[in-house]
Each structure stands twice: as C-alpha cells, then as structure tokens.
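Participant: Read the sequence shown against the numbering used here and you will find it ends at 471, with the numbers running on by one and no gaps.
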Amino acid sequence: MTSADPARAASALDLGLLAPGRAGSRVETETGDGAYLQALLDAEAALARAQAALGLIPAAATVAISAAAQAENFDLRGLALSASVGGNPVIPLVGALRAAVGAEHAAYVHRGATSQDIMDTATMLVAERARVVCLADLDRVAAALARLAALHRDTPMAGRTLTQHAVPTTFGLKVAGWRSLVLDARDQLAGCTLPAQIGGAAGTLAALIPADEAHSVFELVVRYAAEAGLDAPELPWHVLRTPVAELGGALALTAGALGKFAADVLVLGRTEIGEIAMRSGGAGGSSAMPHKANPVNATLIASAARQVPALASVLYASMVAEDERPAGAWHAEWSSLREALRQVGTAAELAANLAEGLDARPERMAANLALSDGLIVSERLVGELEPLLGRETARAVLSAAAQAAGQQGTSFRQTLGETPEINALIDGKQLTEEDLDQWLDPAGYLGAAADLVDRSLSRLPRTGRSRPAK
Numbered sequence: 002m003t004s005a006d007p008a009r010a011a012s013a014l015d016l017g018l019l020a021p022g023r024a025g026s027r028v029e030t031e032t033g034d035g036a037y038l039q040a041l042l043d044a045e046a047a048l049a050r051a052q053a054a055l056g057l058i059p060a061a062a063t064v065a066i067s068a069a070a071q072a073e074n075f076d077l078r079g080l081a082l083s084a085s086v087g088g089n090p091v092i093p094l095v096g097a098l099r100a101a102v103g104a105e106h107a108a109y110v111h112r113g114a115t116s117q118d119i120m121d122t123a124t125m126l127v128a129e130r131a132r133v134v135c136l137a138d139l140d141r142v143a144a145a146l147a148r149l150a151a152l153h154r155d156t157p158m159a160g161r162t163l164t165q166h167a168v169p170t171t172f173g174l175k176v177a178g179w180r181s182l183v184l185d186a187r188d189q190l191a192g193c194t195l196p197a198q199i200g201g202a203a204g205t206l207a208a209l210i211p212a213d214e215a216h217s218v219f220e221l222v223v224r225y226a227a228e229a230g231l232d233a234p235e236l237p238w239h240v241l242r243t244p245v246a247e248l249g250g251a252l253a254l255t256a257g258a259l260g261k262f263a264a265d266v267l268v269l270g271r272t273e274i275g276e277i278a279m280r281s282g283g284a285g286g287s288s289a290m291p292h293k294a295n296p297v298n299a300t301l302i303a304s305a306a307r308q309v310p311a312l313a314s315v316l317y318a319s320m321v322a323e324d325e326r327p328a329g330a331w332h333a334e335w336s337s338l339r340e341a342l343r344q345v346g347t348a349a350e351l352a353a354n355l356a357e358g359l360d361a362r363p364e365r366m367a368a369n370l371a372l373s374d375g376l377i378v379s380e381r382l383v384g385e386l387e388p389l390l391g392r393e394t395a396r397a398v399l400s401a402a403a404q405a406a407g408q409q410g411t412s413f414r415q416t417l418g419e420t421p422e423i424n425a426l427i428d429g430k431q432l433t434e435e436d437l438d439q440w441l442d443p444a445g446y447l448g449a450a451a452d453l454v455d456r457s458l459s460r461l462p463r464t465g466r467s468r469p470a471k
C-alpha cells in the first residue's frame, strides 16, 4: 500500500470509531499521530537549541531547524509508511527534516543523536502533555467528590460486603474513599520522573561533544532536558527503562482508582438499588429501548480499568532489555504506553464529568436499609446483648431469630420480641422495648464514619514535580 492510494489510506485511518469517549477528548489531541510527530520534531529542535547554546552548532542552524520543525510541514502518512524500513519513524523523519532545513544547515540536524534518543524524548513529551490534561481532570474529580462527601457526611446507607448487606455506613464515607483513591493515583502520576533521553549510539555521548570538551557533556544533557521541558536524566536510559515502567504503574493505578469509582456507580445506580442518579455526565440511550438511560461514562471508565493493567504489563516486561540498545523491548513500549495514556486520560475526563453530575438519593438509601429489617445491625445487637447473655448465647439467640424471621415471613423486630431470652431480660427490667428499637436503628450504628469523612477531606493533593521551564 502507498500513500497514493486514497481509498486504502482512508481505510487505514484510526479516528476513534472503536474508542467512544476518547474520540474528541483532550487526551486524544495530545496523543494522536500528529501530536507524536510534533513531539519528535520538538525533540530535534530542543537538541539543536541546546547544542547552539554551548557553541556546538551555529545559531543560524537552530533558527532554521526550529522553523522547519512543524508537523504540518511533513507527510505524516508517508513517514509512517517509510518507518518500516528502519523499524522506527525517526529515521525517515531525520531525512525529511534535513531536506526541509536545506543544504546549508542539514548537517546540524540530529547531530550526535541516535533514533532512540529522539523517540524516547518524544515519548516523554507526549506523556507529559497527556499527563497535564489527565491531572487537571483528576483534580476535577477530587474536587467534585469532596463536595459530595461533605454534603452526605452523615447520610446513612447500607454497607455491602460480598454483595450482601453488612453494617450501616454513610454515603459520605463511600465517596471519601473514592476521592482518597483518586488522590493516591493523582499524586503518583504527578510524581513520575519524565526525563529527556540523550546518549548517542550506545549511551556514551561520544558523538555529542568534541573529545577535548567532554567535561561539558553533562551541561549539554541538562540544557537539552530544559529545552525540551523534561527532567534531566542521571544516565542515558536506553536500556534502563525505569521511567516508562514507573509511568505505566502510575497509569495502571489511576485506571484502577477510577475503575473503583465507576464500579460503585454502576452498582448503586442499578434500577433495583437506585441510590444514586446522574444529573448530567454520562447517561446515554439505547438503540432498542426508549426508556433506558445507560451509565455510559461509568461503563467506559470500567472498560479502561480492565485494559490498562495489561498494557502496563508490557511496559514492565520491556525492562528486560539486552545490551546497550535492545531489539524489540523498546519497540514494544510505543503503542502500549500511548494506549495506556489514552485510556487513562479518557477515563479521567469521563470521571470528572460523572463526578460533577452525580446526585445521591438518600430516600432510596433509607428504603434499602429498611429492607434488612434490622438485620444489618445484628453486629451491634451482639455487642449490646453480650453483657446480658454472654457472647455465644447472644450470637445464638440472634441467629435463631434471624432464621425464624426469614422462614415465617415475620419481621426481625417481632421475632426478637417473641424470643424467650429477650422476654426474660425485659421482664427482669434489664432491657426495654425502647432499647431494642434504638439498637435496631441503622443511623445509630455508624461508628466513626462522619469523623473519617472529615479526616479524609483534610487531605490535599501533593505538589507535582518541578522542572525548568522550556
């Protein structure tokens, strides 16, 4: 296939048809092929600026390279097709950039660098630009959840374990938990080191500085990183893939944190539970059923959460990189990392919209609590009756009452009132009917939920890493 075949070239385009949510998102703009091409060109221009600043190439060459290094000046599809010859897009791009610069300055393009230097630096630039977008959306999620947690600090709801009612909790505490996870992910993602890459053919920097000026090579590395707007590397990291693996781990954590939020939204929004509603932010329709308001945003976030860990595993596996430059390991990272950035960036934007449009339905929470008919506070009853009956007897009495209520179709409260051991305590003035009613109120057994919400909401996002401005 050639770029001159319009029909087949159009069929090869990826415009996000199978990526609802990503299509039209801000992270898509920062991770598309055009954005990647611009990042490659930015890496080349940053290298030229750094070299000119140290007098290694003429200043005029830097001006020419920077002027030419604009993605719209290049045939993106042609570069993609040509990349298969050398196994990466940098090789054809360098030739095209030299041609665009002109004969006078062509020799100063890519001077002393190797393809992986430019590809890795561009990858970190794409990651940094996508991270900025993602962090902004994670901050939106955290802010919206903080408001929701504070509003429902004391709103009782059923806590569920292994799909069943367990003990009462508050909706505020559940939301505070979502926010805590989001902040964990946000802080880890913000703290990732994203370094420029420069090492030359085998990581020795030999071709970048004349032999008699080798002492200043580290100044070039630092200046290059600053020109690119990235962290300065301690060593060339051609086969030291910590930055990519660390970023992959942070992206997996972020996907998981947002996935937990989405999973709970999907459960609590079920028709038969109905404890939350979406005022805005992701309710979509069905092609067949007019009544449906599907939780689209939560569904797409859950999808991302299932995909990113597998993508991160490729990045971890690529740490096994032989020699001074690997064959295959480095190449395996490209699409995996970009897809992870896309998935997480999309999920963060969807989660921000979801969190900002989420409403609690306390009346449904109360109704669902009432379904347990007091069984949800059986743990409390054990504790209250233990001093009167002993722990094992209390547990046995309550278990028998719960079983009888289920079999006879009577209320748990009624069954308790008919239990000989309970009647004996009432007759002996050790217990009153009012005591039972109070103990059976779920709102009276919320533990430290409200204080935990307050404690959680006092946490603020950590400040991200700082680097020299470009």
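The C-beta atom is built at its ideal place from N, Cα and C for all residues, glycine as well.
Remember, it's a predicted structure, so these values are computed and weren't measured experimentally.
#1: Reducing DSSP to helix, strand and coil, say where Arg112 ends up.
#2: Under the three-state reduction of DSSP, which class applies to His332: helix, strand or coil?
#3: Taking 9 Å as the cut-off, decide whether the C-beta atoms of Pro59 and Ala53 are in contact.
#4: Can you check which of these residues, Glu273, Ala328, Ala313 and Ala263, is closest to Pro296 by C-alpha distance?
#5: For Thr205, count neighbouring C-beta atoms within 10 Å of its own C-beta (all shown protein chains included) and say buried if the count is 16 or more, exposed if not.
#6: If we ignore side chains and look at the alpha-carbon of each, how far apart do Gly358 and Thr30 end up?
#7: By how many angstroms is the C-alpha of Ser379 removed from the C-alpha of Gly418?
#8: Taking the C-alpha atoms as reference points, what is the distance between Gln39 and Ala108?
#9: Would you identify the three-state DSSP class for Asp324, choosing helix, strand or coil?
#10: According to the Cβ coordinates, are Ala191 and Arg132 closer than 9 Å?
#11: Could you tell me the alpha carbon to alpha carbon distance between Ala203 and Ala46, rounded to whole angstroms?
#12: Looking only at C-alpha atoms, which of Gly79, Arg141, Leu209 and Ile119 sits nearest to Gly56?
#13: In whole angstroms, give me the CA-to-CA distance for Glu334 and Glu385.
#14: How far does the alpha helix (DSSP H) with Gly35 in it reach, from first residue to last?
#15: Taking the Cβ atom as the reference point for each residue, do Leu80 and Ala97 lie within a distance shorter than 9 Å?
#16: My parser needs the alpha helix (DSSP H) runs of 4 or more residues fully inside the segment 208 to 283; what are they?
#17: For Leu14 and Leu269, what's the separation of their Cα atoms in angstroms?
#18: Could you give the C-beta distance for Ala186 and Ala150, rounded to a whole number, given that I count them as a contact under 8 Å?
#19: Can you check whether the CB of Gly375 is closer than 9 Å to the CB of Leu458?
#20: Just checking, does the segment 126 to 144 make contact with the segment 163 to 176 on the three C-beta pairs under 8 Å criterion?
#21: Kindly provide the ranges of any alpha helix (DSSP H) runs that are 4 or more residues long and lie completely inside the segment 332 to 416, ordered along the chain.
#22: Around the Cβ of Leu372, are there at least 16 other Cβ atoms within 10 angstroms (buried) or fewer (exposed)?
#23: Pro483 lies in the alpha helix (DSSP H); which residues open and close that run?
#24: Tell me whether Lys430 is buried or exposed, calling it buried when 16 or more other Cβ atoms sit within 10 Å of its Cβ.
#25: Within the continuous alpha helix (DSSP H) that includes Thr300, where are the two ends?
#26: Could you tell me if Ser85 is buried or exposed, where buried requires 16 or more neighbouring beta carbons within 10 angstroms of its beta carbon?
#27: For the alpha helix (DSSP H) that Thr63 lies in, which residues bound it at each end?
#28: Which of the three DSSP states is assigned to Met290 in this structure?
#29: Rounded to the nearest angstrom, what separates Met125 and Ala197 at their Cα positions?
#30: Based on Cα-Cα distance, which residue from Pro90, Pro211 and Val240 lies nearest to Pro327?
#31: Checking the sheet assignment: what are the DSSP bridge partners for Met120?
#32: For Pro421, count neighbouring C-beta atoms within 10 Å of its own C-beta (all shown protein chains included) and say buried if the count is 16 or more, exposed if not.
#33: Which of the three DSSP states, helix, strand or coil, is assigned to Gln189?
#34: Taking the beta strand (DSSP E) that Gln165 belongs to, which residues open and close that run?
#35: Between the Cα of Leu316 and the Cα atoms of Ala11, Ala253, Pro237 and Gly260, which residue gives the shortest distance?
#36: With a 10 Å radius around its C-beta and 16 neighbouring C-beta atoms as the bar for buried, classify Arg463 as buried or exposed.
Facilitator: Checking against the coordinates, here is how it stands:
#1: coil
#2: helix
#3: yes
#4: Ala263
#5: exposed
#6: 24 Å
#7: 15 Å
#8: 21 Å
#9: coil
#10: yes
#11: 22 Å
#12: Leu209
#13: 59 Å
#14: Asp34 to Ala54
#15: yes
#16: 218 to 229 and 243 to 269
#17: 39 Å
#18: Not really, about 17 Å apart at Cβ, beyond 8 Å.
#19: no
#20: no
#21: 363 to 372, 379 to 390 and 392 to 409
#22: exposed
#23: Because the chain here runs from 2 to 471, residue 483 falls outside it and cannot be looked at.
#24: exposed
#25: Val297 to Ala318
#26: exposed
#27: Ala60 to Ala69
#28: Because Met290 sits at a pLDDT of 49, beneath the cut-off of 50, its placement in the model cannot be relied upon, and the following sentence gives the value as read from the coordinates. Coil, per DSSP.
#29: 7 Å
#30: Val240
#31: Met120 is not bridged to any residue.
#32: exposed
#33: helix
#34: Gln165 to Thr171
#35: Ala253
#36: exposed
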